[in-house]
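Undergrad: Residue numbers (this note's numbering): 6 to 290.
Idealized CB from N, CA, C, for every residue including glycine.
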Amino acid sequence: RADRFEWEGQGEKRNVVLQVQPKGGSEATHVVVYFPGDVQMEEEDMADSPWRKWALEPTMRRLQDSLPSAFVCAICPARMEGHCGLAEYDHFLTYGETLLHLMALLQHLPPPYQHLPLVLVFFSKGVLVANALFAELAWLAEGNPSSPLPDWDSGLATCRGAMTYDREIARARVVPGPLGQKRLQVDSLLRQIASVHLVDGHRYPTSPAVLRGMDRLLREHPRLRLCVHTSPRQTACPARPYIGVEHRLFLTGVRGLQSYSLFAEDPPTMEMHFRTLDAISLLPS
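Listed below in C-alpha cells is the structure:
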C-alpha cells in the first residue's frame, strides 16, 4: 500500500507524493525517488486504462523488486492534461528553481531516511525534470556566477521535429541568483545521490554548455552513476527521429555515463516502453 502526502517545495509550490516502505519490513538502505511519465497516475485513476498495471503504486513495487530495501517515493506531476494524461511538471520547470524545488521537497522525507543514499529515476516524460536539473548543475559546475543558465536544448536543426507539447523546455536567459547561493547545499545533495537513471526518455540535453558541465560534474563526483536506459520504442521511432539524434549527442558529449540498450532486437511497442522499468538495475550488479 502506498501512503499519499502533499509536500511543499520552493515558493509554496506543492506536489503530491506517494510513499512505499521497504519490502518485508526490512531496514531501509536507500531512498528511490521516481518521476513518472505520461499516462501514469494513481491506481484508482487508471481503473479503466489498458495500462493500469503501470499505475504509480504497482510501478513503485516493481522498482522495489530491483532494490527491496528501498523506501520509494513517487513525485507526481503538478497536473495531468488531456484524455490520455500528459504529465506536466510545471513546479520543477521554473527557470533556475528545479534544484531548489527538489531540495525543498526532500526535506519532507521521514527523518530516518533523510540521509540515506538517493536513487533518482526519471521515466519517459519525467526526463524533462532531469534535463532541467542537468542545466542547473552544469551552470554550477562551470563556476561562473555572472554567466546565464544554459538552455539544455541546443535547438539543432536536426532536432526541430520535437513535439510541441514540450513546453517545459527551459528558455530563460538570466542568471539565477537564489540557486547561486545554494552551492554548498547542492554539493551535499550530489554526495548523497548514488545514481541517476534516465529510463526511455524522449528528450536529451544537446547544448554544448550543458554537455560540458555534466562531463565535468561526473569527473568531480566519480561515485555518482549516471545511467541511460533506452529501447527502440524511443530511439528508433520513425515518427520522432530527433530522439535518436539527441540520444547519440548526449552519449558522446558526457563521458563517464553508463548506457544500456534494452530489447534492441524486438519491435517497438508501448508495452516495451513500460517494460524498461522492469529491466533496469538500480544498483551496480
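Who pairs with residue 51 in a beta bridge, going by DSSP?
TA: Bridge partners of residue 51: none, in fact.
Undergrad: With DSSP run on the structure shown, which of helix, strand or coil describes residue 149?
TA: The answer is coil: DSSP assigns residue 149 none of H, G, I, E or B.
Undergrad: Using the DSSP secondary-structure output, state which residues sit across from residue 12 in a beta bridge.
TA: In the DSSP output, where bridge partners are listed per residue, residue 12 has 20.
Undergrad: For residue 267, which residues of its own chain have a beta-carbon under 7 Å away from its beta-carbon, when the five flanking residues on both sides are left out?
TA: Contacts found: 234, 235, 236, 281 and 284.
Undergrad: Is the region 74-94 close to the region 112-130, with three or more CB pairs under 8 Å?
TA: The answer is yes - the region 112-130 touches the region 74-94, with three or more Cβ pairs under 8 Å.
Undergrad: Anyone know if the C-beta pair for residue 207 and residue 125 falls short of 8 Å?
TA: No, Cβ-Cβ distance for residue 207 and residue 125 is not below 8 Å.
Undergrad: If you run the structure through DSSP and keep just helix, strand and coil, what is residue 234?
TA: Here residue 234 sits in strand by DSSP.
Undergrad: What number of angstroms, rounded off, separates the C-alpha of residue 167 from the C-alpha of residue 39?
TA: Low confidence applies here, because residue 167 scores a pLDDT of 46, under 50, leaving its location unreliable and the question unanswered by this model.
Undergrad: Which residues bound the beta strand (DSSP E) around residue 200?
TA: Note, residue 200: beta strand (DSSP E), 198-204.
Undergrad: Put residue 263 into one of helix, strand or coil per three-state DSSP.
TA: Residue 263 falls in the strand class under three-state DSSP.
Undergrad: What residue range does the alpha helix (DSSP H) around residue 224 cover?
TA: First-last of the alpha helix (DSSP H) with residue 224: 213-225.
Undergrad: Measure the alpha-carbon distance for residue 245 versus residue 131 and round it to whole angstroms.
TA: Distance between the alpha carbons of residue 245 and residue 131: 17 Å.
Undergrad: Of all the alpha helix (DSSP H) runs that stay within the bounds of the region 24-73, which reach a length of 4 or more residues?
TA: Fully enclosed alpha helix (DSSP H) runs of 4 or longer: 61-71.
Undergrad: Based on the DSSP secondary-structure assignment, which residues constitute the bridge partners of residue 284?
TA: DSSP lists no partner for residue 284.
Undergrad: In the DSSP assignment, find the unbroken alpha helix (DSSP H) run with residue 251 in it and report its ends.
TA: Unbroken alpha helix (DSSP H) run through residue 251: 246-258.
Undergrad: Determine the DSSP secondary structure at residue 228, reduced to helix, strand or coil.
TA: Three-state result, residue 228: coil.
Undergrad: Nearest to residue 158 by alpha carbon, out of 24, 286 and 215?
TA: Here the closest residue by C-alpha is 215.
Undergrad: If you run the structure through DSSP and keep just helix, strand and coil, what is residue 305?
TA: Outside the shown range of the chain (6 to 290) lies residue 305, about which nothing can therefore be said.
Undergrad: Would you kindly check if the distance between the Cβ of residue 205 and the Cβ of residue 258 is under 8 Å?
TA: Going by C-beta atoms, residue 258 is not nearer than 8 Å to residue 205.
Undergrad: Suppose you measure from the CA of residue 41 to the CA of residue 97; what does that come to, to the nearest Å?
TA: One C-alpha to the other measures close to 13 Å.
Undergrad: Between residue 261 and residue 223, which are expected to be in contact by the criterion C-beta below 8 Å, what is the C-beta distance as a whole number of angstroms?
TA: Correct: roughly 4 Å between the Cβ atoms.
Undergrad: Please tell me whether residue 39 has its Cβ less than 8 Å away from any Cβ of chain C.
TA: Among the chains in the structure shown there is no chain C, since it carries only a single protein chain.
Undergrad: Are the beta-carbon atoms of residue 238 and residue 277 separated by less than 8 Å?
TA: Going by C-beta atoms, residue 238 is nearer than 8 Å to residue 277.
Undergrad: Measuring straight from C-alpha to C-alpha, what distance separates residue 190 and residue 64?
TA: Approximately 30 Å, taken between the alpha carbons.
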